[in-house]
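S.K.: Structure in structure tokens, see below.
Residue numbers (the working numbering): 1393 to 2601.
In structure tokens form, the structure reads like this:
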């Protein structure tokens, strides 16, 4: 209920006047109602006095006025004198005495029988009435007594509002004066309103009482049983010799008080009409020589002015007013002031507007106004307290050093306040409204304050006229939300500027129920505020950041907005449709903590938590973020007036950031440093990764997607690198880069796409475990020197692809337990890689049938050294060295020893080095160099079926080295130029060769076979000669070497041999078998130049046995040559007997051409037989298609048999 300002008593300074008016106004017969014209005004004696009764005329003949001037009111002259004497025990002795006007009455008030007082009521003239109460000279006691003159309504027709009136003094608490004389005068104000003047004189003897109370008023009923009293009591401490009261009565009220010497005045006034009671009290210390309070009503019922003037400053003033109805409070007012100025004006201009002005300043002024009992503040110093509980309304305030003030709360609140420097004190604020409690404080109040407040906004305009506030604190608690879901609001500000506009704008757009387009709050100040703390929540625990920062919580369980900032000008937090969250600030630069937690229960899986810190927050910053979701990608937009030092954020959506088996990453941790003032970041999420694209570079980006620990990159917090843990129950992917403009990452398949503004070292640390395979956890570590500014490192079915803008210095990669299959399955599970001088684009093949590296861009790799294997194996070679090496070990399982695969490559100036397997039978090594003078190459291959060694001292720029196994092992050589090669091999641990071949043609084919048909020779089968007949020997365990040169003959030196029959031993050096003293079947070549040749080192298990019972083919060594011309020497050696127990060292045979063969043949066959008498058989196919054979019996020189020479065509 609002306090009504229509009743004059709410203006506390009027209380003094009201006291006197009520107490004495009745004596003039014009208190209720006031006279309407001067014609109706009457003098004091008019209608009051009648002709005296017989016998009394001599007593009043001294009154110099006619007694029958106007008329007679019977009984007016009958005056009752009521005395109340306080006995020592505190009880009262009450006596009633009778007298007449103008007749002195002897009054005995105390218990003795002697009179104590003489009471004389007189009429001095038509406008003055006097009362004289005098102590008899014989009465020297204290005489604690009250004396009242009581008369019936003396006005004609009984126009007073009560039946009887009284006047006197009360000295029961002190001592009756020697003389009390009071003169009442009635006249007119300047405007014609009645004027009542009262002058009291008091005289004392030797003993002056401490105080004296003047009483007066009207009442109904008997003097000892009064009802509806209307009057008051004025207590002077001490009673001055002379005191005055000057009253103006009518539409305007005026009260003038005075004393001949400074005294204290306490007044009590009561006006009771039935159940309605009005009571007022006043205290003035000291009462000056003159003080006057006037009340002038305005043009409307809500306008009035009270003016107080005094001859001197009043040190202390207390006023109180209370009105009740049936003991229910209706209106109350209190005022306490110190150092009341000599001129005070209080003006009410509207129901909720008023002003106070002075010609100086109050020491302190406190007032309370209520429609019941005012509720004052409890603060020790200045305060403002507003109370409105719906049934009771109260306003109270205390201001020290008040000069002037004005308040207008008609619609909004406008206040203007001026105080002295001493009034610059903290002010406590306490507001209670229905459903709203507000407390606060202001420190320190400026000397001049102008304040405009719209609480519906709220908007506050503050002007301290050059003085700011040190501290401002407000706390509000509401039953219903103040905005959004906030019922509690707390604000604290320090170092408030001298002038500013502070506004809190509620932003909520809901065109249809449940369709919220915009929701949030914006808080602004037109000038920077030193420090501001703001909280708005639903009543839960405080979420105010420890330092500068902002918190926004909007979940079904909690709503809270909190911020602590410096140099505050603006903070806004808005939620827009489409998942956008906007944050705007204009604050002091420096660290800033941010926390946003939302969960819209109407949107599935909408929960989101974002928390982090901003380092070096710009003065002006506007940011909007839309986290990625199932329906849209994520976006972050920043617009600031300066770069941001750093941002560290933790993002926790309700749904996992990606879906993985065993561990879904549900946290994203983003660290950004050196963020440009303008930035747009687009975030795209996938099932296995994410990508971020920036329109401006960020100095450092550190991003983590994790279900658990953060992970450590490198040895220093500024190192660039990638960290991955993709394990059952754990997933962490982290990357850190500098100068970033874009970043993409995916775990399956692996993808790293990086765009930066600078080259930088980069480390790799990954652990991957595929629970569906039998391989332990994979570990991948590596480092990149000078990571290019733009690159893509991706994984596909063929391995890894590297694409970069610039070359890099080096790359190292160490991988163990790569997933897929099981260890020792022939796949690549271990890899160790070092690459230097890396070109812009290359591919590392580690999957499928091909293993190796190939450069896809111009240039070559300075050096690549790598070893891959299917299990932990010893190194096949050293990464150091200036030559090129290709080493392979691929062995089948034997007994408890599992199969194994290991490949090693060390290549300089490499463009391509690929090892390809096709099924189980063939493989190919494809090598290309960037320069024209490649370093020497060493090739070693150790497989179950083949041990191969080759070295090329002067390799071609590129070559292809194919290997096909099965019935034959075919080595296809395809090269850029001719070259020399040193080749050694072992097949099936049974046959071996060590050959040095000169001028290998660019396209040459080598064939190694244990089956004759495998090398596709033009000789249908080898021949054994027995009884001069040819027949086929079974092709079991035969070994052949065949080459095809396309650019002329080649020169071959070396040996081809076969392990001795029946020897269970391991081949060690070429043609030597460890564990036996036997040598092999052996054919050696010395500078043999051929274009096509075939070597047979026979060893078998034929059913055809020789004379010793051994397989006949064990005794044969054959050489089959396709030659246009034959140059050089061929030696052969064989075991002398099939059990390989002896070696015929003297049985070395030699065939040497001397110039051209005397006839031309496209095929030559040389067969040596060691059974019986050793011999050589030379046969051939001639151009004309005929065959011939030449037999040379070696031991018997000159015995040459030629068979089947039907004619040489």
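Think of the CB as a built atom: it goes at the ideal place given N, C-alpha and C, for glycine as much as any other residue. For clarity, every value in this text was computed on a predicted model and none was experimentally measured.
For residue 1631, report the span of its beta strand (DSSP E) as first-last.
M.R.: Premise fails: residue 1631 is in no beta strand (DSSP E) and is neither H nor E.
S.K.: Hey, how far is the Cα of residue 2443 from the Cα of residue 2372?
M.R.: Approximately 9 Å between the Cα atoms of the pair.
S.K.: When you compare the CB positions of residue 1749 and residue 1730, do they come within less than 7 Å of one another, or not?
M.R.: No, the pair does not count as a contact, with Cβ atoms beyond the cut-off.
S.K.: If we count the other Cβ atoms within 10 Å of its Cβ and call it buried at 16 or more, is residue 1967 buried or exposed?
M.R.: Classification for residue 1967: buried.
S.K.: How would you label residue 1726, buried or exposed, when you count the other beta carbons within 10 angstroms and need 16 or more for buried?
M.R.: Buried, because 16 or more other Cβ atoms sit within 10 Å of the Cβ of residue 1726.
S.K.: Can you give me the C-alpha to C-alpha distance between residue 2130 and residue 2201, rounded to a whole angstrom?
M.R.: Using only the alpha carbons, I get a separation of about 18 Å.
S.K.: Among 2166, 2269 and 1873, whose alpha-carbon lies nearest the alpha-carbon of residue 2210?
M.R.: Here the closest residue by C-alpha is 2166.
S.K.: Taking the alpha-carbon positions, what's the residue 2367 to residue 2352 distance?
M.R.: Straight-line Cα distance between these residues: approximately 6 Å.
S.K.: Look up residue 1513 in the DSSP assignment and say whether it is helix, strand or coil.
M.R.: Reduced to three states, the DSSP call for residue 1513 is strand.
S.K.: Taking one C-beta from the region 2282-2292 and one from the region 2339-2347 each time, how about it: are there three or more such pairs within less than 8 Å?
M.R.: Output reads no: the region 2339-2347 does not touch the region 2282-2292.
S.K.: Return the CA-CA distance between residue 1808 and residue 1962, expressed in angstroms with no decimal places.
M.R.: One C-alpha to the other measures close to 26 Å.
S.K.: Just to check my reading of the structure: residue 2071 and residue 2087 have Cβ atoms closer than 8 Å, yes? What is that Cβ distance to the nearest angstrom?
M.R.: At roughly 7 Å, the Cβ-Cβ gap stays under 8 Å, so residue 2071 and residue 2087 are in contact.
S.K.: Can you give me the Cβ contacts of residue 2260 inside the same chain, cut-off strictly under 7 Å, excluding the 5 residues immediately before and after it?
M.R.: Only 2220, 2222, 2223, 2238, 2243 and 2295 meet the Cβ criterion.
S.K.: Looking only at its chain, what residues have a beta carbon closer than 8 Å to the beta carbon of residue 2000, apart from the 5 residues adjacent to it on each side?
M.R.: Result list for residue 2000: 1988, 1989, 1990, 1991, 2019, 2043, 2044, 2045 and 2046, in chain order.
S.K.: From this set, 2278, 1604, 1930 and 2205, which residue's C-alpha is nearest residue 2327's C-alpha?
M.R.: The shortest C-alpha separation from residue 2327 is found at 2278.
S.K.: Strictly by DSSP, which residues pair up with residue 2185?
M.R.: Partner(s): 2144 and 2194.
S.K.: For residue 2322, which three-state DSSP category applies?
M.R.: Note: residue 2322 maps to coil in three-state DSSP.
S.K.: Bridge partners of residue 1664, per DSSP?
M.R.: DSSP output for residue 1664 lists 1669 as bridge partner(s).
S.K.: Nearest-angstrom Cα distance between residue 2225 and residue 1975?
M.R.: Looking at the two C-alpha atoms, the distance is approximately 48 Å.
S.K.: Between which two residues does the beta strand (DSSP E) harbouring residue 2272 extend?
M.R.: Premise fails: residue 2272 is in no beta strand (DSSP E) and is neither H nor E.
S.K.: What span of residues does the beta strand (DSSP E) with residue 1788 cover, start to end?
M.R.: Start and end: 1785-1792.
S.K.: Going by C-alpha distance, which of 1834, 1527 and 2300 is nearest residue 1594?
M.R.: Among 1834, 1527 and 2300, the Cα nearest to that of residue 1594 is on 1527.
S.K.: When you compare each of 1837, 1776, 1860 and 1859 to residue 1820 by their alpha carbons, which one comes out closest?
M.R.: When each option's Cα is compared against that of residue 1820, the closest is 1776.
S.K.: Can you give me the C-alpha to C-alpha distance between residue 1685 and residue 1760, rounded to a whole angstrom?
M.R.: Residue 1685 and residue 1760: Cα-Cα distance of roughly 19 Å.
S.K.: Would you tell me roughly how many angstroms separate the C-alpha atoms of residue 1624 and residue 1534, rounded to the nearest one?
M.R.: Distance between the alpha carbons of residue 1624 and residue 1534 is about 24 Å.
S.K.: In whole angstroms, what separates the C-alpha of residue 1500 from that of residue 1480?
M.R.: So the alpha carbons of these two residues sit roughly 17 Å apart.
S.K.: Is it true that the CB of residue 1784 sits closer than 7 Å to the CB of residue 1764?
M.R.: Contact: yes.
S.K.: For my contact list, residue 2154 and residue 2179 are in at a C-beta cut-off of 8 Å; report their separation, rounded to the angstrom.
M.R.: Contact holds; Cβ gap of about 4 Å.
S.K.: Nearest to residue 1908 by alpha carbon, out of 1876, 1530 and 2253?
M.R.: Considering only alpha carbons, the answer is 1876.
S.K.: Going residue by residue through the region 1583-1650, where are the continuous beta strand (DSSP E) segments of at least 3 residues, counting only ones entirely within it?
M.R.: You should have 1586-1595, 1604-1614, 1617-1629 and 1634-1640.
S.K.: Measure the beta-carbon distance from residue 2150 to residue 2181 and round it to whole angstroms, keeping in mind my assumption that it falls under 8 Å.
M.R.: Going by Cβ atoms, the distance from residue 2150 to residue 2181 rounds to 6 Å, so yes, they are a contact pair.
S.K.: Which residue's Cα is closest to the Cα of residue 1753: 1711, 1798 and 1814?
M.R.: Nearest of 1711, 1798 and 1814 to residue 1753, Cα basis: 1814.
S.K.: Could you tell me the alpha carbon to alpha carbon distance between residue 1971 and residue 1912, rounded to whole angstroms?
M.R.: Their Cα atoms are separated by approximately 13 Å.
S.K.: Check this for me: beta carbons of residue 2006 and residue 1984, under 7 Å apart or not?
M.R.: Contact flag set, yes.
S.K.: So what does DSSP say about residue 1815, is it helix, strand or coil?
M.R.: In the structure shown, residue 1815 sits in a helix (DSSP, three-state: H, G or I).
S.K.: On the CB-based measure, 16 or more other CB atoms within 10 Å of its CB, does residue 1857 come out buried or exposed?
M.R.: The residue in question, residue 1857, is exposed, as its Cβ has fewer than 16 Cβ neighbours within 10 Å.
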